[in-house]
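Following the UniProt record's numbering, the numbering of the sequence shown begins with 1 at its first residue and continues without gaps.
Every residue gets a Cβ at the ideal spot worked out from N, C-alpha and C, and that includes glycine.
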Amino acid sequence: MTKITVPGTQLNKNGKAIPLLGFGTAEYPFGSSDNVKECLLDAIRLGYRHFDSAVLYQSEQPLGEAVAEALELGLVNSREELFITTKLWCSDAHGVRVVPALQTSLKSLGLEYVDLYLVHWPVCVKAGEYELPVKKEDLLPFDYEGVWKAMEECQKLGLAKSIGVSNFSCKKLEKLLSISKIPPAVNQVEVNPLWQQQELREFCKEKGIHITAYSPLGARGTLWGSDRVMESEVLQEIAKAKGKTLAQACLRWTYEQGVSMLVKSFNTERMKANLDIFDWSLSPDELNKISQIPQKKGFPGVEFVSADGPYKSTKELWDGEI
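Right under this line is the structure:
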């Protein structure tokens, strides 16, 4: 396999460079694929170096096995060549559970540290289950101070090189920044041509928080995705004019926005094609056409909304940024 070198960008002052194109491991239903390790090894052979995991995805163990085998086979020279992300699930979003949760994830991964540890959602549920949808009767108020202090401890202990969040609005980031000693290095959120998140991206840039895009292709076939991105006529026309796939046009647009992104395909040819976005560009006219696509969020998070819970509506969950 021909290996492509993926460019990266530096995370804060002490973090290492995060590759701008990473490989997602969320197969839906979670844990439903039995060839995850082999797919991850193929991804490493092709040049992917950032791998995004989560306890929810049930992918930490196969990812750890793939990393160990890649080192054994000489596909990478050292652990330091890889950028591994995992996440704190809502049922562990309790101050006292954060460090043990990461220690459990590290055991599953077979690693001494992760490069990035993220709070998966600004949501807390009763301890116990790792599931989505969550049980609405288990929803609890999110303890920003307690959770983030424990996240900072994860970094101080060397269990995570950098810490960050996922699915946080500008308002929630403001709250977090006001109480943090170590600010979040990353906010991983949904970003694609049909949900461009211009306001959030500008806010994060101003605050020095790097954006990683999930669902850059719309995540069709998952609980949190749809076919809207891949069916966009504007994107189809641009891709055809470029002689590229629609996925490549989407990923190139995301790359040109200055954010990193996560793609997930267990098909080797698509994995390879998704890497072919770095040696060409979109024209100003094409970028302008994409900027005018009507916007609609793909995954509003209704699963975390309850009349008896902390968030009574998706508008409350996203602080009106929807």
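Identify which residue in the options has its Cα closest to the Cα of residue i.
{"i": "Lys289", "options": "Ala307, Cys250, Arg270", "result": "Cys250"}
{"i": "Gly146", "options": "His210, Asp285, Gln236, Val99", "result": "Val99"}
{"i": "Tyr311", "options": "Asp92, Pro141, Thr104", "result": "Pro141"}
{"i": "Ile50", "options": "Ser291, Glu237, Gly243, Ala213", "result": "Per the sequence shown, the amino acid found at residue 50 is His instead of Ile. Comparing Cα positions, the closest option is Ala213."}
{"i": "Glu206", "options": "Val229, Cys170, Pro216", "result": "Cys170"}
{"i": "Arg252", "options": "Glu286, Leu173, Glu231, Ala70", "result": "Glu286"}
{"i": "Asp42", "options": "Arg97, Leu139, Arg270, Ile182", "result": "Arg270"}
{"i": "Glu202", "options": "Leu71, Gln257, Ala68", "result": "Gln257"}
{"i": "Gln248", "options": "Tyr57, Leu217, Thr268", "result": "Leu217"}
{"i": "Gln61", "options": "Asn35, Glu72, Glu81", "result": "Asn35"}
{"i": "Cys39", "options": "Val6, Thr268, Ser291", "result": "Thr268"}
{"i": "Glu237", "options": "Thr2, Leu177, Ile293", "result": "Ile293"}
{"i": "Leu103", "options": "Phe266, Gly158, Thr2", "result": "According to the sequence shown, residue 103 is Gln rather than Leu. It is Gly158 whose Cα lies nearest to the Cα of Gln103."}
{"i": "Gly208", "options": "Glu72, Glu137, Val6, Gly164", "result": "Gly164"}
{"i": "Ala228", "options": "Lys242, Gly74, Gln295", "result": "It should be pointed out that residue 228 corresponds to Arg in this sequence rather than to Ala. When each option's Cα is compared against that of Arg228, the closest is Gln295."}
{"i": "residue 352", "options": "Gly243, Gly64, Lys242", "result": "Missing from the structure shown is residue 352; the chain here goes from 1 to 322 and no further."}
Check whether the Cβ atoms of residue i and residue j sit closer than 8 Å, and answer yes or no.
{"i": "Ser59", "j": "Thr25", "result": "yes"}
{"i": "Lys87", "j": "Val55", "result": "yes"}
{"i": "Phe23", "j": "Asp52", "result": "yes"}
{"i": "Glu321", "j": "Glu199", "result": "yes"}
{"i": "Ile44", "j": "Ala66", "result": "yes"}
{"i": "Lys297", "j": "Trp195", "result": "yes"}
{"i": "Ile211", "j": "Val259", "result": "yes"}
{"i": "Gly128", "j": "Ser91", "result": "yes"}
{"i": "Pro193", "j": "Leu235", "result": "yes"}
{"i": "Gly309", "j": "Leu177", "result": "no"}
{"i": "Ala70", "j": "Val76", "result": "yes"}
Once the 5 residues before and after residue i are set aside, which same chain residues still bring their CB inside 8 Å of it?
{"i": "Ala245", "result": "In the sequence under discussion, the amino acid at residue 245 is Thr, which differs from the Ala named in the question. Cβ neighbours of Thr245 beyond the five flanking positions: Ala239, Ala273."}
{"i": "Tyr255", "result": "Leu20, Leu21, Met261, Ile277, Phe278"}
{"i": "Ala101", "result": "Val55, Leu88, Trp89, Asp92"}
{"i": "Asp319", "result": "Ser169, Cys170, Lys171, Lys172"}
{"i": "Glu27", "result": "Ser33, Val36, Tyr57, Ser59, Lys264, Phe266"}
{"i": "Glu81", "result": "Arg49"}
{"i": "Gly225", "result": "The predicted position of Gly225 is uncertain, since its pLDDT is 48 and thus under 50; a value taken from the coordinates is nonetheless stated next. Excluding residues within five positions, the ones whose Cβ falls inside 8 Å are Ser215, Gly218, Ala219, Gly298, Phe299."}
Under 6 Å Cβ to Cβ from residue i, same chain only, skipping five residues before and after it: list those, please.
{"i": "Ser162", "result": "Leu11, Gly15, Leu116, Ala185"}
{"i": "Ser166", "result": "Leu118, His120, Gln188"}
{"i": "Arg79", "result": "none"}
{"i": "residue 327", "result": "The structure shown does not extend to residue 327, since the chain is modelled only from 1 to 322, so the question has no answer here."}
{"i": "Cys204", "result": "Asn187, Ile211"}
Looking only at its chain, what residues have a beta carbon closer than 7 Å to the beta carbon of residue i, apart from the 5 residues adjacent to it on each side?
{"i": "Lys149", "result": "Gly95"}
{"i": "Ile4", "result": "Leu46, Gly47, Leu275"}
{"i": "Ile179", "result": "Tyr144, Glu145, Trp148"}
{"i": "Leu317", "result": "Gly301, Phe304, Val305, Tyr311"}
{"i": "Gln197", "result": "Val189, Val191"}
{"i": "Thr314", "result": "Pro300, Gly301, Val302, Val305, Ile322"}
{"i": "Met230", "result": "Leu217, Gly218, Arg220, Leu246"}
{"i": "Arg97", "result": "Ala127"}
{"i": "Lys181", "result": "Glu152"}
{"i": "Leu73", "result": "none"}
According to DSSP, simplified to helix, strand and coil, what is residue i?
{"i": "residue 331", "result": "In the structure as shown, the chain starts at 1 and stops at 322, and residue 331 therefore has no counterpart that could be examined."}
{"i": "Asn77", "result": "coil"}
{"i": "Leu88", "result": "strand"}
{"i": "Trp253", "result": "helix"}
{"i": "Pro19", "result": "strand"}
{"i": "Trp224", "result": "For Trp224, the predicted model reports a pLDDT of 44, less than 50, meaning its position is unreliable and no value from the coordinates is stated."}
{"i": "Ser166", "result": "strand"}
{"i": "Met230", "result": "coil"}
{"i": "Leu200", "result": "helix"}
{"i": "Gly190", "result": "Note that residue 190 is Glu in the sequence shown, not Gly. Strand at Glu190."}
{"i": "Leu139", "result": "strand"}
{"i": "Tyr57", "result": "helix"}
{"i": "Trp121", "result": "coil"}
{"i": "Gly47", "result": "coil"}
{"i": "Phe304", "result": "helix"}
{"i": "Val96", "result": "helix"}
{"i": "Ser260", "result": "strand"}
{"i": "Thr268", "result": "helix"}
{"i": "Ala101", "result": "helix"}
{"i": "Ala127", "result": "coil"}
{"i": "Trp195", "result": "strand"}
{"i": "residue 326", "result": "Any answer about residue 326 is impossible in this case: the structure gives the chain only from 1 up to 322."}
{"i": "Ala219", "result": "Any reading at Ala219 needs caution, since the residue's pLDDT is 49, under 50, leaving its predicted position unreliable; the model's value is listed next. Note: Ala219 maps to coil in three-state DSSP."}
{"i": "Tyr311", "result": "coil"}
{"i": "Lys172", "result": "helix"}
{"i": "Lys244", "result": "coil"}
{"i": "Gly24", "result": "strand"}
Please confirm whether any heavy atom of the ligand HEM lies closer than 7 Å to the CB of residue i.
{"i": "Thr2", "result": "This structure lacks the ligand HEM; in fact it carries no ligand of any kind."}
message: Under 8 Å: do the stretch 270–286 and the stretch 109–116 share three or more Cβ pairs, one atom per stretch?
response: no
- prompt: Okay, do the stretch 118–136 and the stretch 297–314 touch, 3+ Cβ pairs below 8 Å being the bar?
  reply: Output reads yes: the stretch 297–314 touches the stretch 118–136.
- request: Flag this pair as touching only if the stretch 129–136 and the stretch 149–156 have three or more C-beta atom pairs under 8 Å; answer yes or no.
  value: no
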